[in-house]
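Position 95, counted from 1, in the sequence shown is what this note's numbering calls 95; the numbers after and before it change by one each time, with no gaps. Ideal Cβ positions, reconstructed from N, Cα and C, are used throughout, including at glycine. Reviewing the structure listed below.
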Amino acid sequence: MTSDFARQLVELHGSPLIAYDLGAVRKRVRGLLDAFPEGSRLFYSLKANPLPAIVRAARESGAGAEVTSMGELTAAVIAGFSASDLLFGGPGKTASEIAEALEHGVRWFSCESFSDSERIAACAVGANCEANLLLRVN
């Protein structure tokens with residue numbers, strides 16, 4: 001974005017103003033995907049910015065979406081993601097959040113600990129479905 005373009009936006013819309021370059025989002029997603037080994041997946045974390053236009057640009061460029069709340073799940077679905085393609089992450093997942101995510105169709109979860117995996121497994125059994133787990137190791 002050039003400074004002239006930025007000035008034109010401020011003149012048109014006023015200040016303060018936040019503007020996003022969706023072309024830059026698409027370029028960075030594609031650049032990351034090109035740098036990863038074949039078969040790798042990239043997940044855009046909605047906690048960075050859940051604005052549907054940004055999430056949609058990431059999706060259209062080949063990224064998946066990682067959500068950590070029902071609000072983020074809703075934003076990802078609005079941006080065109082299927083709940084079954086989302087990764088639900090975060091260290092503070094409660095059993096009720098996991099159960100609600102499963103109810104909406106989420107099947108991928110990031111685990112932070114053995115107790116987290118047990119909580120997800122118990123919720124999946126309660127929902128009579130399978131959950132796929134990714135173990136996060138620090």
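- One thing to note: Leu133 has its Cβ no nearer than 8 Å to the Cβ of Ser113.
- Close CB contacts of Glu100 within its chain, under the 7 Å cut and outside five residues either way in sequence, are with Met70 (chain order).
- A direct Cα-to-Cα measurement between Arg28 and Cys129 gives close to 35 Å.
- Scanning Ser45, Ile54, Ser96 for the CA closest to the CA of Asp21 turns up Ile54.
- Linking Pro91 to Cys111 through their CA atoms gives a straight-line distance of about 8 Å.
- With respect to the 8 Å criterion, Pro50 and Ala75 are classified as neighbours on the basis of their beta carbons.
- Secondary structure at Cys129: coil, using DSSP grouped into helix, strand and coil.
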